[in-house]
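Colleague:
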Amino acid sequence: MNYNFDKIIDRSGTNSIKYDFAVERGMPADTIPLWVADMDFQTAPDIIETLVEAAKHGIYGYTDTKKDYFEAVYHWYKNRFHWETKEEWIVKTPGIVFAIAMVVRALTKEDDSILIQQPVYYPFSQVILKNNRKLVNNPLIYENGGYHIDFDDFEAKIIKNKVKLFILCSPHNPVGRVWREEELTRLGDICMKYQVKVISDEIHGDFTYPENVHTVFASIKKEFLNNSVICTAPSKTFNLAGLQVSNLFVANEEMRQRICDEIERSGYSQLNTMGLIACQAAYEKGMFWLEELKTYLKGNLDFIRSFLLENIPQIKLVEPEGTYLVWLDFRDLNLNEKELENLIINKAKLWLDSGTMFGEEGSGFQRVNIACPRATLEKAFQQLASAIKE
Ligand SMILES: Cc1ncc(COP(=O)(O)O)c(C=O)c1O
């Protein structure tokens with residue numbers, strides 16, 4: 004290994020929302036935070052060096068990007084996902100949640116129905132409801148330890164509610180599914196049949212475990228390309244969330260114009276300078292670091308799997324195919340939500356994301372962020388095992 008992911012870096016005192024706001028957010032100060040999806044690893048050294056160089060320049064005026072930025076993004080998607088993009092498709096935004104809100108406002112009207120698949124990343128429902136759109140849920144089915152899509156319900160809900168937009172989470176946070184091309188094709192075909200536009204949030208696309216392949220939704224068919232907004236960012240992949248940079252791909256010119264107009268109406272123009280610099284450096288030079296990181300994360304997942312089997316078999320790991328988020332099934336403990344929270348927070352002293360945040364289907368589940376040094380995970384899971392034994 005060229006990079007040391009075992010190194011524990013003290014993040015306290017950096018105003019990190021994960022480490023410095025426990026009490027403000029209603030948690031005991033001494034919980035181990037394994038909730039929000041950023042990583043406890045330093046980003047790739049090449050990215051740090053590029054940012055340091057830029058910081059030394061000392062002038063941080065308005066900036067934009069040129070051809071070399073697009074080329075870095077282009078090669079990343081071409082080399083890793085066999086997807087060839089065009090420069091004019093890119094709409095740069097300061098984050099995916101912001102982007103989803105812009106797309107929702109640009110492509111739908113108040114009271115229009117928008118479909119999501121819960122349990123799912125909770126800002127999806129927040130954005131829908133806060134923009135006075137109607138939330139339609141096509142719950143994922145949990146069977147034999149894994150999740151799958153109820154396609155009949157998907158189609159029926161679209162028809163019944165005259166759904167206008169579908170927000171797909173691919174790979175899926177929190178259940179960790181990396182959707183197969185066949186599954187995406189079925190979803191996309193149904194959307195085409197009823198003229199439902201698709202936002203495909205692919206922010207976790209770089210994180211797949213061996214033998215799982217992420218397929219860019221728009222790469223499947225030309226019709227899908229013309230009917231979708233693909234949301235990508237280097238933020239999860241390279242731990243750059245605080246630099247706020249994301250790239251949407253919108254091939255359909257009319258849709259793109261409406262989205263750009265909405266962004267303009269909101270008063271937003273150029274992105275954060277450092278974010279753009281980091282994004283380009285990441286896609287140009289971050290590949291080897293990412294491969295080692297993925298190997299390390301697989302080791303973390305292997306650790307959790309065997310730890311649970313040996314020490315707390317009542318807790319079931321929902322085997323993830325991708326993402327660095329792990330979805331644990333606590334239902335065999337027979338605790339109600341309050342008792343489960345008490346066990347996790349007050350007894351095990353862990354700060355996780357409670358399953359119900361992702362929709363009522365998440366009741367009895369917890370989401371754990373495993374992107375931290377192994378020693379942190381070992382400590383956290385020891386604390387969990389001791390709390391349960393008590
Ligand atoms: C599916 C998904 N989309 C978007 C985000 C956040 O993106 P951003 O910070 O760019 O708004 C996350 C963060 O965890 C996520 O899991």
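Residue numbers (the numbering used here): 4 to 393.
Backbone N, C-alpha and C fix where the C-beta goes; we use that ideal spot for every residue, glycine too.
(1) Contact between the stretch 248-258 and the stretch 207-214: three or more CB pairs below 8 Å?
(2) If we count the other Cβ atoms within 10 Å of its Cβ and call it buried at 16 or more, is Arg108 buried or exposed?
(3) Got a sec? Which residues, its chain only, sit under 8 Å from Ile51 by beta carbon, not counting five neighbours each side?
(4) Report buried or exposed for Tyr197, applying the criterion of at least 16 other Cβ atoms within 10 angstroms of its Cβ.
(5) Based on the DSSP output, what are the partners of Pro36 in its beta bridges?
(6) Taking buried to mean at least 16 other C-beta atoms within 10 Å of its own C-beta, is Met4 buried or exposed?
(7) Less than 7 Å separating the Cβ of Val100 from some heavy atom of ligand 1?
(8) Figure out for me which residue from Tyr271, Lys165, Val321 and Tyr327 has the closest Cα to the Cα of Leu293.
(9) Within 7 Å: the Cβ of Ser203 and any heavy atom of ligand 1?
(10) Determine the DSSP secondary structure at His217, reduced to helix, strand or coil.
(11) If we ignore side chains and look at the alpha-carbon of each, how far apart do Ser231 and Phe220 end up?
(12) Measure the C-alpha to C-alpha separation of Tyr22 and Glu91 and round it to an integer number of angstroms.
(13) Please confirm if the stretch 125-136 is in contact with the stretch 272-291, defined as three or more CB-CB distances below 8 Å between the two stretches.
(14) Does the Cβ of Glu158 have 16 or more other Cβ atoms within 10 Å, making it buried, or fewer, making it exposed?
(15) So, under 8 Å CB-CB, Val321 and Val178 are touching, yes? Tell me the CB distance rounded to an integer number of Å.
(16) Could you check where the beta strand (DSSP E) with Asp332 kicks off and where it finishes?
(17) Tell me the residue span of the beta strand (DSSP E) that contains Phe8.
(18) Go through the stretch 151-190 residue by residue and report every complete run of the alpha helix (DSSP H) that reaches 4 residues or more, in order.
Modeller: According to the structure shown:
(1) Flag = no, the stretch 248-258 and the stretch 207-214 do not touch.
(2) Label assigned to Arg108: buried.
(3) Gln45
(4) exposed
(5) Beta-bridge pairing links Pro36 to Trp354.
(6) exposed
(7) yes
(8) Nearest C-alpha to Leu293 among Tyr271, Lys165, Val321 and Tyr327: Tyr327.
(9) no
(10) coil
(11) 8 Å
(12) 39 Å
(13) no
(14) Label assigned to Glu158: buried.
(15) With a contact defined as Cβ atoms closer than 8 Å, Val321 and Val178 qualify at about 6 Å.
(16) Leu328 to Asp332
(17) First-last for Phe8: undefined, no H or E at that position.
(18) 154-164
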